[in-house]
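All residue numbers for the sequence shown refer to UniProt numbering, where the first residue is 1 and numbers rise by one.
What follows is one structure encoded as structure tokens, with my remarks underneath.
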Amino acid sequence: MIVGLEKMENLNIYKPKVLFRFPDEETEAMSHLGEFCFPDASVWRPVSMYDSESFSFVLTKEDGSRQYGYCRRMLPPGQGNRLPEVLCIVSMHEAIAFYDQLLIALERKRYGSIELSQHLLQAAFAKPLPMPGKEIMVRSMGKADKMDTLVMQRPKDACRNDICFGSLLSHLPVDILLQVFASILLERRLLFIAQHLSTLTTCIHGLHALLYPFEWQHTFVPMLPASMVDVVCAPTPYILGVLTSLQPQLQQFPLEEVLIIDLDNRSLLKQMGDESGIIPKKLQKALMAAIKEDAGNSAIIIHKFSASDTVGARDIMISEAFLRMFVETIGHYTEFLVTQQDGILNFQKEAFVKAVSSTSILMFLEWFTETQMFEVFITDKVEGRCSNTEWFEQSVEEYREEMAGLESSLAQHMKQMGQKMINFFKGQGTLIRS
């Protein structure tokens, strides 16, 4: 769909207006999409220049399933001051990198004419979403009645290739990033504030991706429209994003026990005070070292690879650093999935927690195993539901092999040391006797 702005009757403010929709059918959910495309509609005025930006939003249905909106806000072709438009694609699938390719292509078409962008939208709608690692070709009308071909590839591993962490790291210092991440693990209420839609949604989706193999199970709205700003009063856990232009409206609400993050100023506006102690210190140090090392490695390899390759390598290294934390803390969960005499698979949670030797990690697991994200993760495993955790399971196996190799090396080393000691004392005995 394509969404623009129109002036409200008798008022000098604007509201969203759907300019084009395909398929041309309006459901109750679709009627509110304009507010997510322009959550800041009331503060807009015509402009002559505007840097296009990509952003996204999430809609949660009553059954808990989610719809994802992928958007590209741009200034349409023309002269003088004019209002922006938003190209929006709504999908049941979370595939940011894939849909961003389509949005950029739609933007190029829109600079030609609105009809060309509409034709590409219709052609793309007729194509199924490719499987991870596969590509599709979309043919649509181009200039001078010629047909254009757009080739789009879906990343093979969305967990590692679908999220860019550059914006997240540029808007949050590492120590604050870890405090925010810890608060998400504890399933608290978090409110993010930023001037730009792209900053809000990119940072929030980046943080959500760091939870892998877990999923946030509570309210998740990376971009709150003005009409929904009272959601910040909800007593249940949430992750919300609000534009700076709507920040004055927040002052009317009692925001108790809410972590408020100012992304533009790289700071925390409100906090509980215990954020730095949620994750065990040894895990924090490992994460901080890994992130800083990854930043250094990215600077080194930038001379050998293209900028996009460097960014991709950095994103993979960052995601693997956080994944390693989960591998080392909960990777042994499979050892405590036990089949009972009645044939039912059961998770022995208490034994799982007590199996770790570190006191700090044991305390971490005591509260983390009570979170809804962990409960859903284990329930999916017990009930055999399909979940996208292949990368995690593979990493656990690699970690076990690594640990087994270390133990084998240590045993061999101790054996060699023992033999050396025996030989030493044999020699000493010879000297004494002589």
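Ideal placement from N, C-alpha and C gives every residue a C-beta, glycine not left out.
*Within 10 angstroms of its Cβ, does M147 collect 16 or more other Cβ (buried), or is it exposed?*
exposed
*How many Å lie between S350 and T60 at the Cα?*
Sequence inspection shows Glu at residue 350; the Ser mentioned does not correspond to that position. Distance between the alpha carbons of E350 and T60 is about 33 Å.
*May I ask which residues mark the beginning and end of the alpha helix (DSSP H) holding L106?*
96 to 112
*Where does E256 fall in DSSP's three states?*
coil
*With a CB to CB cut of under 6 Å and the five nearest residues on each side skipped, what residues in its chain are close to P254?*
none
_Chain-order list of residues whose beta-carbon lies under 8 Å from that of F22 (same chain, five-residue window excluded)_ = M1, Q118, L121, Q122, F125
*For H208, does the count of other Cβ atoms within 10 angstroms reach 16, so buried, or fall short, so exposed?*
buried
*Same chain, Cβ closer than 6 Å to F38, five either side skipped, listed in chain order*: P16
*Just checking my contact of V396 with G331 at CB under 8 Å: how many whole Å lie between their CB atoms?*
4 Å
*Measure the Cβ-Cβ separation of F214 and I239 and say whether it is below 8 Å.*
no
*Mapping DSSP to helix, strand and coil, what is T201?*
helix
_The alpha helix (DSSP H) enclosing residue 438, as first and last residue numbers_ = With the chain running from 1 to 434 in the structure shown, residue 438 is simply not present.
*Does the beta-carbon distance from L75 to I89 come in below 8 Å?*
no
*Is it buried or exposed for D100, if we count other Cβ within 10 angstroms and need 16 for buried?*
buried
_Nearest by alpha-carbon distance to G241: which of M228, R400, V86 is it?_
M228
*If you draw a straight line from the C-alpha of C71 to the C-alpha of R400, how long is it?*
42 Å
*Looking at L323 and V382, is the spacing between their C-beta atoms short of 8 Å?*
no
_Per DSSP, cross-strand counterpart(s) of E135_ = Q153
*Starting from the C-beta of T389, find all residues in its chain whose C-beta is less than 7 Å away, skip the five residues before and the five after it, and write them out in chain order.*
P213
*Run the CB neighbour count on C386, radius 10 Å, all protein chains shown included, and call it buried at 16 or more, exposed below.*
exposed
*List the residues that DSSP assigns as beta-bridge partners of Q67.*
L59
*asked:* Going by beta-carbon coordinates alone, are L365 and A321 separated by less than 8 Å?
replied: no
*Between E107 and F192, what straight-line distance do the alpha-carbon atoms span, to the nearest angstrom?*
28 Å
*Endpoints, the alpha helix (DSSP H) within which K354 is located*: 349 to 354
*When you compare only the Cα positions, how much space is there between residue 467 and S357?*
Not covered by the structure: residue 467. The range shown for the chain is 1 to 434.
*Just how far apart, CA to CA, sit L186 and T202?*
22 Å
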